[in-house]
Every structure is written in structure tokens, then in C-alpha cells.
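Written out below as C-alpha cells is the structure these notes cover.
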Amino acid sequence: MKKSCIALLALFMLSSCAELQQVINQLPQGTIGNEEIASGLRQALDMGIDKQVSKLTQTDGFFKNELVKILLPDELKKVDKALRDLGLSNLADEGLKVLNRAAEDAVKEATPIFVDAVKGITFTDAKNILLGSDNAATQYLSSKTENALYAKFNPIIKNSFNKVGADQIWSNLITRYNALPFTTDVNPNLTDYVTNEALKGVYTMIAVEEKEIRTNFSSRTTDLLKRVFALQD
């Protein structure tokens, strides 16, 4: 018991990650085990996915969330301005909205890919995450899921453009713009652009929840989260 108290006290006294990792490695049985640390990180990521990513799948989950709202690519900002100058603001507004609708549609397919990635977290992964930056878990998740999510999102966004009419809306917008005198024709790859922006939005929202758990004790809503994240306080 005395050794356990000394080890736990040391966790709050040491300032460097190297020292903290050494203490974690030497924790006696009965304090917190290797698997418990990994389970705590998995639980934190699951909470981020369930609480934050699910918000993005709702109507206006992207469009009315300033953290992740998809704005126009630089190439289309001049299209937007030109249309508004011609009194076509409603059409320009609708063009922006359908880009966000497509992202909301695609994110519904993200959860199974995230769940598989979270299951694969090892104790070594967990230690590195725990001792890392405020978004270390999110960065880990990004490294394990970005390629798979892009492959999943891209065709869904393409189909969603058809479903919500984005392809027709943007075809009309770009056609009108390209017909204006003294303009350079544009033909951006909106499917690729929205896919990448949707990915950024997903990881942004997971990072929000991760930082909350790391910095706000009241957000650690389970005993496991309290024990594990006490190690990095």
C-alpha cells in the first residue's frame, strides 16, 4: 500500500513525459494495469465518436457548426461573389448548403471504421496517446482511418450530390459564371474537395471531445476515465 501511494504521488510531481512513462511502466499491481490504460483510451475515443461525430450526421450538423462548416474552395469564391453581385444570392447560398448536406450524409458511414480502429489500440499506443498532446488520440485515429474513410466517403458524397441536387445546382452556378464576360472558366473537383473537408470536420469534433476529457474532470463520466486520465493530470 505504501509503495502504491508513493508511485501515485510521483505521477503528479514529475514534469517530463519520459519520467511519467517510466513511472507508468513501474506501477505496482493494484493501481492501474496496462490493459486498463488501453481500455480507458478506447472508451474516451468511443465517447468522442458517439457524442461528437453523431452530431455531424444530423441536418445542419456541418452547415450550422462554425467549427466544421464547409466553405467554398478558393476557386469558387470568385464564382460566389460574381453571382451575388448579379443579385443571385439565394442561388449562391443554396450552392454552399448542398456541399454541407453531402458531408452530413457521408459521415453516417464513419462509425464502423472508427470502431474497428479503436479496438486495435494497444497498450503501447495508449501510453503514447496518454502522454501526448491534447489531440494525440485524434491524431492516432486519423493515422489509422483516414485512407479508409476517404474511400468510403468519396462515392457517398458523389451519390449525395445527385440525391440533394448539388451536382445540378453547381453545374448551373458554374455555367452561369463561365458565361460571364472577362472571367476565367472554372471546373473544380467538388467531390474530392468536400470529401477532404468532411474528414477534417470529423477529426475536429473528435478532438473537441478528447480535449474536454483531458482538461475537464467533470467530463470523465466513468471511473475508468477518471483513473486513466488522472495519470496525465
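So the sequence shown is residues -18 to -1, 1 to 215, counted in mature numbering (1 follows the signal peptide of the UniProt record, and there is no 0). From the three backbone atoms N, C-alpha and C, an ideal C-beta is built for every residue, glycine too.
Contact test: residue i Cβ vs the ligand COA heavy atom, cutoff 6 Å
i	result
N178	The ligand COA is not among the ligands present in this structure, which contains no ligands whatsoever.
Cβ pair residue i, residue j closer than 7 Å
i	j	result
L23	A108	yes
L53	V176	no
F44	E86	yes
I195	A20	no
E192	Q34	no
V89	D28	no
L155	G77	yes
A74	Y159	no
Limits of the alpha helix (DSSP H) - the one that residue i falls within
i	result
S21	16 to 30
D62	56 to 67
K207	Going by the sequence as given, residue 207 is Leu instead of Lys. Its alpha helix (DSSP H) spans residues 205 to 211.
Where residue i sits in the DSSP three-state scheme
i	result
L9	Per-residue confidence for L9 stands at a pLDDT of 44, beneath the threshold of 50, marking its modelled position as unreliable; the derived number appears in the next sentence. Reduced to three states, the DSSP call for L9 is coil.
P163	coil
T127	helix
D42	coil
L78	helix
G102	coil
L172	helix
K90	coil
R202	coil
V35	helix
S115	coil
I151	helix
V190	helix
E179	helix
D107	helix
N141	helix
I52	coil
L70	coil
N47	coil
6 Å Cβ shell around residue i - same chain, five flanking residues per side excluded
i	result
I111	L23, A118, A119, Y122
Neighbourhood of residue i by C-beta distance below 7 Å, restricted to the same chain and skipping five residues each side
i	result
E128	L181
I151	E76, G77, V80
Proximal residues to residue i (C-beta, below 8 Å), its chain only, five neighbours per side dropped
i	result
G102	K126
(Q) Below 8 Å, how does it come out for the region 196 to 208 and the region 126 to 142: are there three or more Cβ pairs, yes or no? (A) By the Cβ test, the region 196 to 208 is not in contact with the region 126 to 142, since fewer than three Cβ pairs between them sit closer than 8 Å.
Q: Examine the Cβ distances between the region 56 to 63 and the region 108 to 121 and report whether three or more of them are shorter than 8 Å.
A: Look at the beta carbons and you see the region 56 to 63 not touching the region 108 to 121: under three pairs across the two are nearer than 8 Å.
Q) Using 8 Å as the Cβ pair cut-off and three pairs as the minimum, do the region 86 to 97 and the region 61 to 70 touch? A) The region 86 to 97 is not in contact with the region 61 to 70.
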